[in-house]
Each structure stands twice: as structure tokens, then as C-alpha cells.
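**Student:**
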Amino acid sequence: MDTRAISPEPSPWLPFESRRRARDEKREAVLRTAVQLFLEQGYHRATLNGVAERLNITKPALYNYFRSKEDILFECWSIGQERVEDRISETDAMPGSGLLKLRNIVGTYAGIMASAFGASLVRFNVSDLSEPNRKVTLAGKRRIDRAFRGYIRQGIADGSIEPCDIKLTAFAILGALNWIGHWYKPDGDLTPDQIAEDFSVRLTAGLAKRPQKKKARKPA
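Be aware that the sequence shown starts at 1247, since it is given in my numbering, and climbs by one per residue.
#1: Are the Cβ atoms of Phe1394 and Leu1420 separated by less than 8 Å?
#2: Measuring only the C-alpha atoms, how far is Ala1280 from Pro1457?
#3: Measuring alpha carbon to alpha carbon, tell me which of Asp1444, Thr1383, His1290 ends up nearest Trp1323.
#4: Check whether the stretch 1346-1363 touches the stretch 1394-1405, counting contact only when three or more Cβ pairs, one atom from each stretch, lie closer than 8 Å.
#5: Taking DSSP as the reference, what is the three-state secondary structure of Ala1454?
#6: I think Ile1325 touches Leu1277, with their Cβ atoms under 8 Å apart; what is that distance to the nearest whole Å?
#7: Using C-beta distances below 6 Å, list every residue in its chain close to Pro1438, excluding the 5 sequence neighbours before and after it, in chain order.
#8: How about Ala1308 and Leu1294: are their beta carbons less than 8 Å apart?
#9: Return the residue from the list Glu1408, Gly1353, Ala1362, Pro1409 that minimises the CA-CA distance to Asp1444.
#10: Would you kindly report the start and end of the unbroken alpha helix (DSSP H) that includes Thr1337?
#11: Tell me the DSSP bridge mates of Ile1358?
#12: What does the alpha-carbon distance come out to for the pair Glu1408 and Leu1423?
#13: How about Gly1405 and Lys1455: do their beta carbons lie closer than 8 Å?
#14: Using beta-carbon positions only, say whether Tyr1355 and Leu1319 come within less than 8 Å of one another.
#15: Whose C-alpha, out of Ala1442, Lys1315, Asn1310, is nearest the C-alpha of Gly1296?
#16: Quick one: residues in its chain with C-beta nearer than 6 Å to the C-beta of Ile1334, no 5 flanking neighbours on either side, listed in chain order?
#17: What residue does the alpha helix (DSSP H) around Ala1416 start on, and which one ends it?
#18: Between Asp1391 and Gly1434, what straight-line distance do the alpha-carbon atoms span, to the nearest angstrom?
#19: Whole alpha helix (DSSP H) runs in the stretch 1268-1296 with 4 or more residues, listed along the chain?
#20: So Leu1449 is in the alpha helix (DSSP H); what residue range does that whole segment cover?
#21: When the distance is taken between beta carbons, is Leu1453 closer than 8 Å to Thr1415?
#22: Use the C-beta contact count for Val1447: other C-beta atoms within 10 angstroms, 16 or more gives buried, fewer gives exposed.
#23: Name the two residues that bound the continuous alpha helix (DSSP H) containing Asp1433.
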């Protein structure tokens, strides 16, 4: 009797980790394609059929990854929000003055706004989301606003920023940064890094506290 071990037939199924990784990659491809289409055509004009066509798949195949067009929109927003909040956490942990932290977050936020997922934070209307998702979105906007105000407040307290109206200053800075998501073109003259470097200085230079000039002594 032949007692040699018989090699098992290779499984036609991919290992679990490989299947999950492949699914995640396909899901990310759907999001990248969808956010680009939403930005190009507007959320209401863009269709799931259009997303499917760009991916060379059928529309029903999209439902393996997302239940609805709104789910895709909310996920695009979530990715942009997560990137901003990650940068805020890093800025919170870094040493330095309030002005230094403000410059850091302004630069990183500007770079994020020059990306498709970053632009999704400002290009789409929260009214297109369901009530639960809308609440999450608005809470995220408030967290960003609080972070910017916090760095300005810290800078005033540590003497690196001139005293100013904290609320209005944060509004002005965020307004300029958010507008990047509307005008930035990936095929334009400026790269995200160039925009980040320029805005980090341009939007904070006027806030820096200037050294006081010493009064000249009168001759005896």
C-alpha cells in the first residue's frame, strides 16, 4: 500500500485576509471614482450608473460596497474629516507656541483642501445627507472650528499672537482655506505642497506679535 502523503488540491478561494484586502481596495476605488465624479458634475447630476461605467462594472455591483449614493457621499466626507482630525491631533501633540501650531494646521489643512476628499468637506451640501449623518457632519465642522480657535487663543496667551477677536479670526482663516476646495485644479500651476507652504505663512503672518520697539533715551 502506498503510504506517501497526498498533496491537497489548491483551494480555488483566496485566503480570508487576501479577500478582505481585495474588497477594501475595490471599495476605495469606488470612493475615489465617485468623489471625482461628484466634484466634476455635482452631487445631484452625478449618478451611480456613471460611477459604475467609469469603473467598468455594473450598477448592481456597487451595492456590494455601498447601500446608496448618499452612503458614498457621507463616506467621502468622512475620509476628508478624518484626515483633518488626524492632523489636528498631531498638531495638539507637537511642542511650540500657539502661532507655531496655527501655522502647522493651516498648512496641512490647505494641503488637504487641495485633494478630492478634502474638497468634499466644502463642496457638498449637508442638506443632501440624512438627519443622523447631517448631525455627524455638523459636529465635525464644529470640532475643526474649535481647534483653530484653540490655537489662536493659546497664541494670545503665550504672547506669540497679537490680541484679536478669536472667533472672527478663525472664521477668516477657515473661509480662505475652505475656498481652496472650490478653486484648486489638479492640473493647474500650483501643487498642494506649494499652496500649503504659501497659505501657512500668508494667513498667519499678520497675527504674529511684533517685538516692541525700545524707546530711545533722551539725552541727559
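Glycine residues also receive a C-beta, built at the ideal position from the N, C-alpha and C atoms.
Since the model is a prediction, treat every value here as computed from it, not as a measurement.
**Tutor:** Reading from the atomic positions:
#1: yes
#2: 50 Å
#3: Thr1383
#4: yes
#5: strand
#6: Approximately 7 Å separates the beta-carbon atoms of Ile1325 and Leu1277; this is inside 8 Å, confirming the contact.
#7: Only residues of its own chain outside the window of five on either side were considered, and among them Gly1357, Ala1360 have a CB closer than 6 Å to the CB of Pro1438, listed in chain order.
#8: Residue identity check: residue 1308 is Leu in the sequence provided, not Ala. Taking 8 Å as the Cβ cut-off, Leu1308 and Leu1294 qualify as a contacting pair.
#9: Gly1353
#10: 1315-1339
#11: Answer by DSSP bridge pairing: none, since Ile1358 is not bridged.
#12: 21 Å
#13: yes
#14: With a cutoff of 8 Å on beta-carbon distance, Tyr1355 and Leu1319 are scored as not near each other.
#15: Lys1315
#16: Ala1393
#17: 1412-1429
#18: 29 Å
#19: none
#20: Annotation: Leu1449 is outside any alpha helix (DSSP H) and is labelled neither H nor E by DSSP.
#21: yes
#22: exposed
#23: Segment: none, Asp1433 is in no alpha helix (DSSP H) and carries neither H nor E.
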